[in-house]
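Under this note's numbering, the letters of the sequence shown match residues 526 to 1207, in that order.
Backbone N, C-alpha and C define an ideal beta-carbon position, used for all residues, glycine too.
As the structure is a computational prediction, the values presented were derived from the model and not from experiment.
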Amino acid sequence: MKSLLTFIAQLAILLLPVSTSFAQNQTTVDSLLNVLETDITPKEQITTYVDLAYEYQIDDTAQMRVYTDRVLELAEKIGEEESIISIVDAMDIVGMAYSFKRLFAEAEAQFKEVLKKSEEFGYKRGEGAAYSRIGTTYLYRGYLDTAQTLFTKAIEIQKSIDDKNGLYYTYYNAGTLSAYIGNYDEALEYYRNSLEITIEMGDVATQVTLYNGIANIYGLLGRSLPALDYYHKALDILEEGLARSTPGTLNNIGNIYHGRHEYAKAISYYERSLKHYQALSDSTGIALSYRNIGNSTIYLGEIDKAIEYLEQAVALHKRLGDRIELATAFTGLGEAYTKANRNSEALKAYDESLTLNREIGDKSAIATSLTGIGFLHVKLGNINQAAQCAEEALPLADELGALSVLVLAYKLEAQVRDIQQDYKRAFDALARYKTFNDSIISNENTREITRMEADYEFQQERDSVAFEQQKVELEFEKEIERGKVVKRTATGGGLLILTILILLYRSYLIKQKNNKELTSKNEEITVLRETEKKMAEESLALKERELTNITMLSHEKNELLQQIGDQIAKIGNKVDDKIIPNLKEIKQTISSNISDKTWESFTYHFEQVHPKFFNKLKAKYDDLSQNDLRLCAYIKVGLNNKVIAQMGNVTHAAVKKNVNRLKKKLGIGPDDSLRDFIIEFA
526 MKSLLTFIAQ LAILLLPVST SFAQNQTTVD SLLNVLETDI TPKEQITTYV
576 DLAYEYQIDD TAQMRVYTDR VLELAEKIGE EESIISIVDA MDIVGMAYSF
626 KRLFAEAEAQ FKEVLKKSEE FGYKRGEGAA YSRIGTTYLY RGYLDTAQTL
676 FTKAIEIQKS IDDKNGLYYT YYNAGTLSAY IGNYDEALEY YRNSLEITIE
726 MGDVATQVTL YNGIANIYGL LGRSLPALDY YHKALDILEE GLARSTPGTL
776 NNIGNIYHGR HEYAKAISYY ERSLKHYQAL SDSTGIALSY RNIGNSTIYL
826 GEIDKAIEYL EQAVALHKRL GDRIELATAF TGLGEAYTKA NRNSEALKAY
876 DESLTLNREI GDKSAIATSL TGIGFLHVKL GNINQAAQCA EEALPLADEL
926 GALSVLVLAY KLEAQVRDIQ QDYKRAFDAL ARYKTFNDSI ISNENTREIT
976 RMEADYEFQQ ERDSVAFEQQ KVELEFEKEI ERGKVVKRTA TGGGLLILTI
1026 LILLYRSYLI KQKNNKELTS KNEEITVLRE TEKKMAEESL ALKERELTNI
1076 TMLSHEKNEL LQQIGDQIAK IGNKVDDKII PNLKEIKQTI SSNISDKTWE
1126 SFTYHFEQVH PKFFNKLKAK YDDLSQNDLR LCAYIKVGLN NKVIAQMGNV
1176 THAAVKKNVN RLKKKLGIGP DDSLRDFIIE FA
């Protein structure tokens, strides 16, 4: 499993600057060309050419250069000082075009010219923008300290002149940088400052970028529910037509499901994202999608397929010169090679990722690379090297606080210390690993995420059906009321009677029409109810999977604790009498962790899936003990006697004895199956 920081936060860079990342608006272009046909001053012509260059900076840089060249030609004719702002803006547009094409060295050189011109003429807005743009080129290339210094300088200038257009851009990039170095609170503050400005400006495209950025940070913190909430806010805007940002958001949602170990669902989002990127011929996005699909495919056991995707991602990232994304791709490739037992290739890939991440300074990615190398050394029996990796990774993981990184680091530590027979440290590491791993699985309620996703897909349909039904019923009631009024007033002569008959016939026709509409709407409601029933069934399936996950985690933990306990027992007669009390203390701690807390966690999740199971058992068989109920529950979820013994920290023979005693209480013959009875029990 890779670090969620390298998995999510790196992707945020690609979403920068959304507000300028779409194809030119032909209506705007035509309007600007029409302005040039009118009688305007040379200064107004310069401004118009700058606006035209801006429109073409992404999809037609040749045409963009035509317009920026005209700006410079006109500036020479009327005097450079008079048109300095337009000249600087034109140069800035050229630099941004280089950035969009990821030609960062060329972009840096161009922005430095912008800075020089701006300082020469005292153009503060140009100075602030130049510092921010140069900082962004350093950020893209992984030179984080320099980028941070430049962003600080840019914010200082932009605040002094209240340059909101510049500040939202700088705040966003400063937030992305903070995420890289693990300052998540600072990153959220920068993103929210930027979001506040873009909402004030009405820039919905950049709001998409910022919703993604904020969601990324929540993902890093293991808070998948608010992360998905912000991603869906972005998708709500994208449905209005900002197609270029859709694949980035889809990729990010996939990242959340990957972090929650729902790999098939993650891949479905990654594949949708890949199709968008391919349609846009976006090489960087294609490389990211290849990498993400490959990383999730590892956990579905399709190793050859995963390696194919990841090797394509590495090749593309190398060609594009994206060091940050390349480092992450190497990490995933190292893991895939390890699964395929291509150990020398795995070590080489991990070393590549570690070297790049050290140069970049991404602490989360460094810790992830180290744990990957550590697990590989454990596999190869190189325990000293594995221990060195764990000792370096743990402080980084603790400093960052990212759940996915902590899980990897403490899992490695537990394995290393167990092999070294340092059982106390192994147990402590195992306990922390379990705590963090459980947090990833249950930090956000799975059924709540399912509800959110279902609401997102079906709410509009539900609201529409309910509204139409309400409208028809209201019209029907009005018609009935009108009929009553007519009836009360129809005491006159034949003309009134005739009027009543006409109105009643009209009312009959309307009722017939309304009845048809109600029938149609009721059919729609039936379909919706069937959909909701299906959603409920899917929710139950998710609960059952969650129960299985919790049960197996408890089993794995108890199995490892039991192994540690057995090893302690073996060495009990071989150690100095002074440390025997310490060994007894560890064994007591192991015993206490195998019992009550495991059962409490299991009971909570079991009752989510089988809410009345215990009540029905106790109502029909009132002499069942707590241990009997516990045994019934374990059998209900499919555990065999061996696993039940490990879960309860008892012997296999004791479980068999308990099964025979329970059969008698339930009135089951000695040759009948207790398992069949429990599974069929409602």
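Item                                                                                                                            : Value
Spatial distance of N820 from D555 (CA atoms)                                                                                   : 46 Å
Among E644, I680, N777, the one whose alpha carbon lies nearest that of I742                                                    : N777
Simplified DSSP assignment, three categories, for E562                                                                          : coil
E916 classed as buried or exposed, judged by whether at least 16 other C-beta atoms fall within 10 angstroms                    : exposed
K1137 - DSSP class collapsed to helix/strand/coil                                                                               : coil
Uninterrupted alpha helix (DSSP H) stretches inside the segment 694 to 738 (no shorter than 4 residues)                         : 709 to 726
Closest by C-alpha distance to I706, when choosing among D1201, E884, R748                                                      : E884
Candidates T1176, E1125, Y1159, of which the one nearest L1199 by Cα                                                            : Y1159
Neighbourhood of N708 by C-beta, 7 Å cutoff - its chain only, sequence neighbours within 5 removed                              : none
Under the three-state DSSP convention, the category Y1146 falls into                                                            : coil
Contacting residues, own chain, Cβ-Cβ under 7 Å from I1111 (five flanking each side not counted)                                : Y948, K949, F952, I1093
For Y862 and I898, the rounded distance between their alpha carbons                                                             : 12 Å
Residue burial classification, L825 (beta-carbon count within 10 angstroms, cutoff 16)                                          : exposed
Separation of L872 from T893, as counted between CA atoms                                                                       : 14 Å
Cβ shell of I828 (< 7 Å), same chain only, five flanking positions each side left out                                           : A861, K864, A865
Uninterrupted alpha helix (DSSP H) stretches inside the segment 617 to 696 (no shorter than 4 residues)                         : 629 to 646, 649 to 666, 669 to 685
Local Cβ density within 10 Å of N1183, reported as buried at 16 or more and exposed below that                                  : buried
Coarse secondary structure for N962, derived from DSSP in three states                                                          : helix
Runs of alpha helix (DSSP H) wholly within the segment 767 to 812 (minimum 4 residues, chain order)                             : 771 to 784, 788 to 805
Cβ neighbour criterion (16 or more within 10 Å) applied to G1192                                                                : exposed
Sequence-distant residues of the same chain with beta carbon closer than 6 Å to A699, five excluded per side                    : F676, Y715
Contacting residues, own chain, Cβ-Cβ under 6 Å from G1194 (five flanking each side not counted)                                : none
Where the alpha helix (DSSP H) containing E916 begins and where it ends                                                         : 908 to 925
Among R848, A630, H842, the one whose alpha carbon lies nearest that of I492                                                    : The structure shown does not extend to residue 492, since the chain spans only 526 to 1207, so no value can be given for it.
Cβ-Cβ distance between L509 and I739 below 8 Å                                                                                  : Because the chain is modelled from 526 through 1207, residue 509 falls outside the range shown and cannot be assessed.
Short Cβ contact (8 Å threshold) for S901 with Y875                                                                             : At residue 901 the sequence reads Leu, which differs from the Ser that was named. Yes, the Cβ-Cβ distance between L901 and Y875 is below 8 Å.
G727 versus N690, G784, N882, A752, residue with shortest Cα-Cα distance                                                        : N690
Straight-line Cα distance separating Y656 from K678                                                                             : 7 Å
Cβ neighbours of I610 in the same chain (closer than 7 Å, five flanking residues each side left out)                            : Y648
Contacts around Q803, its chain only, beta-carbon distance under 7 Å, and the 5 residues preceding and following it disregarded : I811
Span of the alpha helix (DSSP H) around T880                                                                                    : 868 to 885
Where D947 sits in the DSSP three-state scheme                                                                                  : coil
F636 and R650 closer than 8 Å at C-beta                                                                                         : no
Backbone CA spacing between P751 and L745 [nearest angstrom]                                                                    : 11 Å
Distance, Y623 Cα to V930 Cα                                                                                                    : 35 Å
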